[in-house]
Amino acid sequence: IIPTGLGGNAVEIYQSRVWVANGPVISFSAPGSLTLFATSDGGGNFASSDSFLRQGFTQLKSSNGFLYLIADSSVNYISGVQTSGSPPTTTFTNQNADPEVGTPWPGTVLTFGRNIIFANSFGAHVSYGAAVTKISDDLDGVYNSLPNFGGLLPSAAKATIFGKKCWILLLPIIDPITGQP
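If you use my numbering, the sequence shown corresponds to residues 36 to 216, in order.
Here is the structure:
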């Protein structure tokens, strides 16, 4: 049902709109619509001109009343979405949460409670609201022991194990005891 010519690498529903990421461009539908992206209906798009964005947005996640734009090298969030006027015009605030930490691996980005959690080449990170924090310091030395993770694309999942909510990251490493991948 998406309009012809509109494509992307990530999609999320936020504030009764469809948001689509396609590299550095974010498109959004009119309020309450899955298919109307025209500016005359209150839809639209914008291209990020942030100096810290290397290539583009890799994942979109809605959590805690915000839309998080996870990029290959940064994290932004959108809030305050409003549509008014005739013809309808949509406005919102796009703020940066971290200009240095993002991920090129969309399969590692998940919500975890009210937070966003993801991995990149130097660790696992969680966005506590607008503050991105590395949470994998204890894994330094093991985490990226296999160069470029053997060329495999990491992915993640969530599970409840013995009553504890866990984020699970699948990636190859060198076993510190056996020395084998």
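Quick reminder that beta carbons are idealized off the backbone N, C-alpha and C, glycines included.
DSSP places Gln94 inside the beta strand (DSSP E), whose first and last residues are 92-98.
DSSP lists Leu95, Asn111 as the beta-bridge partner residues of Leu104.
A contact is defined here as three or more CB-CB pairs under 8 Å, and the region 46-53 fails this definition with respect to the region 79-89.
The Cβ atoms of Asp107 and Gly142 do not sit closer than 8 Å to each other. Take the alpha-carbon of Gln215 and the one of Gly79: they are about 51 Å apart. Annotation: Gly164 to Thr126 spans about 21 Å, alpha carbon to alpha carbon. By a beta-carbon distance limit of 8 Å, Pro66 contacts Gly77. Their separation comes to about 6 Å.
In this structure Pro189 is buried. Its beta-carbon is surrounded by 16 or more other beta-carbon atoms within 10 angstroms. Boundaries of the beta strand (DSSP E) harbouring Leu205: 199-205, taken from the DSSP string. Taking a 10 Å sphere around the C-beta of Gln117, we find fewer than 16 other C-beta atoms and assign the residue as exposed.
Bounds of any beta strand (DSSP E) do not take in Tyr178, whose DSSP letter is neither H nor E. In the DSSP annotation of this structure, the continuous segment of the beta strand (DSSP E) that includes Trp54 starts and ends at 52-57. Nearest neighbour of Gln130 by Cα position, chosen from Ala166, Ser121, Ile48, turns out to be Ala166. CA-to-CA, the gap between Thr93 and Trp202 works out to about 19 Å.
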